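Numbering (my numbering), first residue to last: 1468 to 1716.
No residue lacks a Cβ here, since even glycine has one placed at the ideal position from N, Cα and C.
Quick caveat, the model's predicted, so the values are computed rather than measured.
Data block below; observations after.
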Ligand code: NAP
């Protein structure tokens, strides 16, 4: 009889893929399914089967878990994917399915940083004074609800994906991934940014902009992570993989 995946990994982060890769190299390898929201045009290569798209809220996820006889869920979504994390918590609690959280550590300020913390994107953007020239390292979906409020400013907006809405004509839009420290320093300097606005995503992939802001003495408006429901927490794929292997599913 063909076995079907019994571990569901909620993805959208490098850590999710790293975990799948590590579990895959175990013998016997557990059967996993990586789930993506479907926000990006091109999915990275994955070491196991994938599914794409929402489940239909917590109830839809519950149905999926039951229909597919999932025995363990790993929430390896991004720190700011608040809804998916909440739904996973509700669905797993209702069905008594173990839920693990894989979440990279957040960033913390070091000497020389000029950070101001905010609980929400709105609070950060509202604090910008007229005449500022903020560099927004935010997702296009995050920015959308605040567009009209900050439209009059001279905003520099950097995003991996092009927004599917129109940006004010006087804004500078940069479609790119984060660069290394030298590139980020050059970009902040060249665009004349007065502030860096970013979420506390953590990890090394996007941290060079913080070092760049530090070296230029720029204020950083840091949007802090949402509070999450409690579940066993692992901050590396390696630690999560060891814990999953110990479960002997
Ligand atoms: P979100 O607000 O928590 O999720 C909104 C809805 O998208 C969820 O309710 C769910 O739809 C669907 N969804 C989210 N993650 C999913 C997954 N892994 N598999 C299947 N469906 C998923 O999430 P978001 O902030 O829009 O982020 C979407 C995805 O991008 C996440 O997977 C996240 O890991 C990744 N990501 C997010 C950020 C960020 O800053 N938010 C940054 C990098 C990567 P249903 O309710 O219909 O199930």
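Cross-strand partners of residue i (DSSP beta bridge)
{"i": "residue 1627", "result": "According to DSSP, which records beta bridges pairwise, residue 1627 is partnered with nothing at all."}
{"i": "residue 1655", "result": "Partner(s): none; residue 1655 has no beta bridge."}
{"i": "residue 1568", "result": "1542, 1700"}
{"i": "residue 1662", "result": "1601"}
{"i": "residue 1585", "result": "1690"}
{"i": "residue 1500", "result": "1475"}
{"i": "residue 1518", "result": "1502"}
{"i": "residue 1640", "result": "1624"}
Presumed contact (8 Å Cβ cut-off) between residue i and residue j, rounded CB distance
{"i": "residue 1660", "j": "residue 1565", "result": "In fact, because the Cβ distance is near 45 Å, the residues do not count as touching under 8 Å."}
{"i": "residue 1484", "j": "residue 1513", "result": "6 Å"}
{"i": "residue 1567", "j": "residue 1698", "result": "6 Å"}
{"i": "residue 1688", "j": "residue 1585", "result": "6 Å"}
{"i": "residue 1560", "j": "residue 1532", "result": "Not really, about 11 Å apart at Cβ, beyond 8 Å."}
{"i": "residue 1713", "j": "residue 1701", "result": "That belief does not hold up - the Cβ atoms of residue 1713 and residue 1701 are roughly 12 Å apart, past 8 Å."}
{"i": "residue 1539", "j": "residue 1677", "result": "Contact flag wrong, Cβ pair sits at about 34 Å."}
{"i": "residue 1648", "j": "residue 1680", "result": "Actually they are not in contact, since the Cβ atoms of residue 1648 and residue 1680 sit about 10 Å apart, beyond 8 Å."}
Close beta carbons around residue i, own chain, < 6 Å, minus the five adjacent residues each side
{"i": "residue 1617", "result": "1592"}
{"i": "residue 1627", "result": "1644"}
{"i": "residue 1693", "result": "1549"}
{"i": "residue 1587", "result": "none"}
{"i": "residue 1614", "result": "none"}
Cα-Cα separation between residue i and residue j, rounded to whole angstroms
{"i": "residue 1475", "j": "residue 1673", "result": "27 Å"}
{"i": "residue 1691", "j": "residue 1472", "result": "35 Å"}
{"i": "residue 1537", "j": "residue 1582", "result": "42 Å"}
{"i": "residue 1623", "j": "residue 1657", "result": "11 Å"}
{"i": "residue 1620", "j": "residue 1637", "result": "9 Å"}
{"i": "residue 1499", "j": "residue 1492", "result": "12 Å"}
{"i": "residue 1552", "j": "residue 1528", "result": "11 Å"}
{"i": "residue 1642", "j": "residue 1651", "result": "14 Å"}
{"i": "residue 1630", "j": "residue 1608", "result": "8 Å"}
{"i": "residue 1611", "j": "residue 1590", "result": "15 Å"}
{"i": "residue 1696", "j": "residue 1707", "result": "18 Å"}
{"i": "residue 1575", "j": "residue 1655", "result": "21 Å"}
{"i": "residue 1605", "j": "residue 1563", "result": "36 Å"}
{"i": "residue 1633", "j": "residue 1625", "result": "14 Å"}
{"i": "residue 1670", "j": "residue 1542", "result": "17 Å"}
{"i": "residue 1496", "j": "residue 1666", "result": "35 Å"}
{"i": "residue 1663", "j": "residue 1572", "result": "20 Å"}
{"i": "residue 1635", "j": "residue 1594", "result": "20 Å"}
{"i": "residue 1668", "j": "residue 1640", "result": "21 Å"}
{"i": "residue 1686", "j": "residue 1577", "result": "13 Å"}
{"i": "residue 1580", "j": "residue 1684", "result": "7 Å"}
{"i": "residue 1603", "j": "residue 1509", "result": "23 Å"}
{"i": "residue 1597", "j": "residue 1653", "result": "24 Å"}
Residues of its chain near residue i, where Cβ-Cβ distance is below 7 Å and the 5 sequence neighbours each way are ignored
{"i": "residue 1505", "result": "1519, 1520"}
{"i": "residue 1479", "result": "1503, 1504, 1544, 1545, 1548"}
{"i": "residue 1704", "result": "1482, 1485, 1486, 1489, 1569"}
{"i": "residue 1525", "result": "1554, 1557, 1558"}
{"i": "residue 1599", "result": "1620, 1661, 1662"}
Any non-hydrogen atom of ligand 1 within 7 Å of residue i CB
{"i": "residue 1688", "result": "no"}
{"i": "residue 1682", "result": "no"}
{"i": "residue 1654", "result": "no"}
{"i": "residue 1608", "result": "yes"}
{"i": "residue 1549", "result": "yes"}
{"i": "residue 1522", "result": "yes"}
{"i": "residue 1477", "result": "yes"}
{"i": "residue 1545", "result": "yes"}
{"i": "residue 1626", "result": "no"}
{"i": "residue 1502", "result": "yes"}
{"i": "residue 1535", "result": "no"}
{"i": "residue 1506", "result": "yes"}
Cβ-based neighbour list, residue i, same chain, cut-off 8 Å, excluding 5 preceding and 5 following
{"i": "residue 1501", "result": "1476, 1478, 1483, 1484, 1487, 1513, 1515, 1516, 1517, 1518"}
{"i": "residue 1511", "result": "1484"}
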